[in-house]
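Residue numbers (full-length UniProt numbering), protein chains in the order written: chain G, 1 to 523; chain W, 1 to 447.
Beta carbons: idealized from backbone N, C-alpha and C, even for Gly.
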C-alpha cells in the first residue's frame, strides 16, 4: 500500500470547522443523483441482444412509427444509479421502523432465497398442473397454517393485497346475501376508526357506508353497533385489534348482534400480528378476514408492495370463495379455475388473471415453518410486550388517549402533550427522522387528535427499544422546553428537507419531459 | 428463535416496567373462554437448514420453464432478466422500505416511481401513468370503473378476443357493483367487428392488442367510433415487450391503456407478484386510481419527489375514493424500471425484434406439421394453432415428451366451444433447438 510516506493523522481544530458548501451538492457519502433521462442515452444499452438474421415482420402494417424515448444505461451506470437511489431510502434493515398499523418486522433473507428457487420462480401459472404439484402443495400447506391459526373454514388465496382481500370478503358477503334473497341489504357499518380502505372497498361495490363513533375508551360499543343495525345492513367491517391498538373486549357480543340482524361480520386483519396463537378469530364469530402476508408474515413491503391478502372465511361464506382454488383429487392436487365448475358452484367469480401472489406464499410459508407454533405465539407476545413497554416508558411525558386498557401490538398517543408548544405531531415525526428513525404513523387513526401510532414489532432488541424511548423522551422534554427550532425546521439531516406537497398537487409534474429539464419542470 | 431478539431477562425487565407479572395480563381484553390454551396444532420452530430442505423438496416437484423447451404465454411470459436487476431490488433500502409516506427519507422510492411513470407513458404513447397496479387484469378492471366515472355511464363492452381471465376479472367486479358488461364472442383468426357494438349507452370498449390469440388489432377506427359515441377506448396488452415494435395504443387514440408489465424485470412466479401498468390522458388524471409520484422542491429549493394528488385515494377520501387500492406492486415496478433502464430504446427494440423473429420461425415450423393450422395473419411473439382433436390432450402428451407447448384456449374458456386451439408463445429465451424440438414432438403426438 502506498501511504505516500505519510504518518497517521488526527483531526485538528481546523478540520472541525463549519462545513462549507460543496461543488457537486454531494456531502461525502450523501450523493445526489439525476434521473435516468438526464444520464442515459438512447443509443446505449446495458443488455447485449443480437439482431435477428433475415428479419421479416408479420405485423400487418402496425409497426411502431416513433421509437419510445427511453434512454439506456450500461450496467455500471445502472448499478451506480440505483445504488445511489437506494441510499436515499430508509428500510427496516436501516433502523427501527415503528410505523403503526403497518407491521414493519424483520424480513428474513432465507425467505427471499426460497422464493427464488427455480421450482417456484420459474414456473408458469398455466403450465399443466401435473408439472406444478410442488407449487400447489405450497398453497395447500399455507392454507392449512392460516386455517389452523384462525379457526376458519376456508381460505381464498387469490387476493393480491389487503384492500383486494377486503374486496374479496365483501363480494363473498354480497354473493351470500344474493343467494339468500337478501339483495336489498345495501348498507355496510364501519367504525370511524377504520382504515380508509374499508369504506372505499364497501363503496366500490355499491354499498352505502354508515359510520359509527368510537367510545371514549377507544373501543366499539355494542349498543352503537346495535343501533346502526337494521334489515338493510349487509355487514359490519371491524378491525380487531382495532386501529387504536386495543382488542375489542365486546367482540363476541358484537358478532352475535351482527348475526342476529342477518348481517355478516368482516374483520380487517391488518393487526393480526397481535394475536397469533393467542386467539382464533373463528372463535369470535368472524365471517371473513383478510390477512396481510406482508405484515404479519413478514413478506417485504418493498417500498409499497407487492403484498398478498388471503381471506379466511366462515362456513357460511366458504362456498362463495373466488376461483381459482386448489383441491385434492385422486391423490394429486389440481386447480379449479372456472366459476361454476365442480367445487366452485357458488364461487363469487375471478379476482385476477392467475392464482395469487405465489412469490409471497413461499416467503410467508418459510416464515411460518421457521417460527413454528411456539415461535409464532412468542412473536405476538413479544410484539405486544414491546408496544406496552414503549407506552409505559413514555406515558409520563406523552399523552395516552386510552390508558385504561392494555395496548396490543401498537401504542397510541395523541397530541395533548404538545399543547402550547407550537409543535405539531408532524414536527415530532420529522424530528425523529433527524434522530435516525422512521417516524411512527401520524394522524391515524382519525378518532384521536394528532395521533401518533407506534408499532415496534417483535423484531427489536431491548437495547434498541430503550434507545428509541430515550430519544422520544429527549424530544418530548425539548418540545416542552420550547426548543422549537429542533422541530419546525426538521428534518435537517435527511436527503431532502421538507417537501412542498401543495406545489406538487397544484401543478402536477408526473413524468419527465424533455422540454422541461432539471428545475424548470415545476416552475 | 433466531428472529426474536428479546431474552427471558429482557422480557422480565419489560414486564416490571409495565407493572405486570405475566404477559397474559396484556391479553386480558380477549374473552377468557376464547383464549387459546394449547399451542396451535402446527409443527414447532425449525432452523434455516431444515426449512430450506423442506421447501426445496416441494420446489423439486415442479418443472421449471428453463429446464425444458417452453412455449407457455397467455398473459405471462418467460424472458431473460439481467442479474443486476435482482441484485438491485434486494438492496435493503428498497426491499425493506414502506410506501413513501415520509418523502424526505424515501426519495429513492419516489424517484424510481417517477422514472417508472415516465417509462410507462413513453412505451404506451400516453401522457401520464400511475405508480403501478397489482397486475394487468386488475388494472383493466380499474380502467373500466374509471371510464364509468368519466362518462357517467355504466356499461362496458369487452372485445371477444380479450383474455378470458381479464374478462372474468372485469365481470366479477362489475357484477357486484351492478354495472353492465357486454362481452362479445371470440374470433380466433382476428378481424372482429367491434364497431357495431359501440353506441351512446356505452361507457367504454375494452380491446386487447395483441389479442389473446396473438392478432394485432388496428385501434384507430375503434377509437374514432368510441369518441363519436362519447365512449372511451381502453386498450389492453398482456405482453409489454410488444410495445418495442408495435404502434402504441396512445398513438392510435386510446383513452386509457392498461397492461401486464411482468415481462420486464419480473419472473414468472406461478402467476404473481406481477406489475400492472396504467396510463391515461392528462384530462383524466383526477379520476385515476392508484398512487402517483410527482416532482416538487424541498425547503432549500432542491428538486425532490412526493406522492401527490392523494385526495383521490382511500386514506384521505375514504368511501369517495377513486379506488380502494393501497399497497400496489412497488418492488416489481422497480424491477421493471431497472430492466427498462438497462434496455433503453436500443435494447428494447432489439428485444422486441428477437421475440418476433423467434415466433415467426416457430410459426413456420409448426405450420409445416401435418394437421396443424396457424390461424394468425399478424402476431407479435404469440400465435394460435388449430390441432386435430382436443388441444388439452395434445398439451398433456407434449408435456409427457418434455415440451411445455403452450396453453389450450379451452383452459382459459372451457365453455367457449373452442377446444382445438393452442396459444403458443416464443421469446428471446427460446432457442432454435427448442423450436425444432417442439415441431418434432408435435409431429409425433399428432401422428
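- DSSP places residue 85 of chain G in the helix class (H, G or I) of the three-state scheme.
- Listed along the chain, the chain G residues whose CB falls inside 8 Å of the CB of residue 280 of chain W amount to none; the nearest CB is some 11 Å away.
- Annotation: the continuous alpha helix (DSSP H) that includes residue 177 of chain G extends over 162-179.
- If you draw a straight line from the Cα of residue 68 of chain G to the Cα of residue 125 of chain W, it comes to about 8 Å.
- Considering only G:361, G:390, G:388, the residue with the shortest C-alpha distance to residue 139 of chain G is G:361.
- Contact between residue 80 of chain W and residue 428 of chain W holds, with the beta-carbon distance rounding to 6 Å and staying under 8 Å.
- Of all residues in the stretch 370-389 of chain G, those with a C-beta nearer than 7 Å to a C-beta of chain W are 370, 371, 372, 373, 374, 375, 377, 378, 379, 381, 382, 384, 385, 388, 389, reading in chain order.
- Within the stretch 307-350 of chain W, the alpha helix (DSSP H) runs of at least 4 residues that lie entirely inside it are, in chain order, 314-317.
- Segment contact: the stretch 264-274 of chain W against the stretch 460-468 of chain G, fewer than three CB-CB distances shorter than 8 Å; contact not assigned.
- If the five residues before and after residue 397 of chain W are omitted, its C-beta is found closer than 6 Å to the C-beta atoms of 445, all from its own chain and listed in chain order.
- The beta carbon of residue 214 of chain W does not come within 8 Å of any beta carbon belonging to chain G, so the residue lies off that interface.
- By the CB criterion at 8 Å, residue 316 of chain G and residue 176 of chain G fall inside the cutoff.
- Taking C-beta separations shorter than 7 Å and ignoring five residues to either side along the sequence, the partners of residue 334 of chain W in its chain run 89, 94, 112, following chain order.
- Of all residues in the stretch 159-192 of chain G, only 160, 161, 162, 163, 164, 166, 167, 171, 174 place a beta-carbon less than 7 Å from a beta-carbon of chain W.
- CA-to-CA, the gap between residue 17 of chain W and residue 307 of chain G works out to about 36 Å.
- Within the stretch 222-286 of chain G, the complete alpha helix (DSSP H) segments at least 4 residues long are 222-228, 251-260, listed from N- to C-terminus.
- The Cβ of residue 499 of chain G sits closer than 8 Å to at least one Cβ of chain W.
- Between the alpha carbons of residue 393 of chain W and residue 327 of chain G lies a distance of about 21 Å.
- Beta-bridge analysis with DSSP links residue 441 of chain G to G:453.
- Rounded to the nearest angstrom, the Cβ distance from residue 92 of chain W to residue 30 of chain G is 17 Å, too far for a contact under 8 Å.
- Sequence-distant partners of residue 74 of chain W (beyond 5 residues in either direction) whose C-beta falls short of 6 Å from its own C-beta, in its chain, are 407, 423.
- Residue-level contact by beta carbon holds for residue 378 of chain W and chain G, with a gap shorter than 8 Å.
- Between residue 237 of chain W and chain G, the shortest Cβ-Cβ separation is not below 8 Å.
- In the DSSP assignment, residue 13 of chain W falls within the alpha helix (DSSP H) that extends over 8-18.
- In the DSSP assignment, residue 259 of chain W falls within the unbroken beta strand (DSSP E) covering 256-260.
- With a cutoff of 8 Å on beta-carbon distance, residue 304 of chain G and residue 289 of chain G are scored as not near each other.
- Between residue 117 of chain W and residue 70 of chain G a beta carbon distance of about 13 Å is seen, past the 8 Å cut, so the two are scored as non-contacting.
- If you draw a straight line from the Cα of residue 166 of chain W to the Cα of residue 373 of chain G, it comes to about 39 Å.
- DSSP places residue 170 of chain W in the helix class (H, G or I) of the three-state scheme.
- With its beta carbon at least 8 Å from every one in chain W, residue 225 of chain G lies outside the interface.
- When DSSP states are grouped into helix, strand and coil, residue 155 of chain W belongs to the strand group.
- A straight-line Cα-Cα distance of about 8 Å links residue 195 of chain W and residue 221 of chain W.
- Counting along the chain, no alpha helix (DSSP H) covers residue 36 of chain W, and no H or E run does either.
- If you look at residue 295 of chain W, you'll find it in the beta strand (DSSP E) that goes 293-297.
- Interface criterion met: the Cβ of residue 102 of chain G is under 8 Å from a Cβ in chain W.
- Burial check for residue 66 of chain G: the Cβ neighbour count within 10 Å stays below 16, so the residue is exposed.
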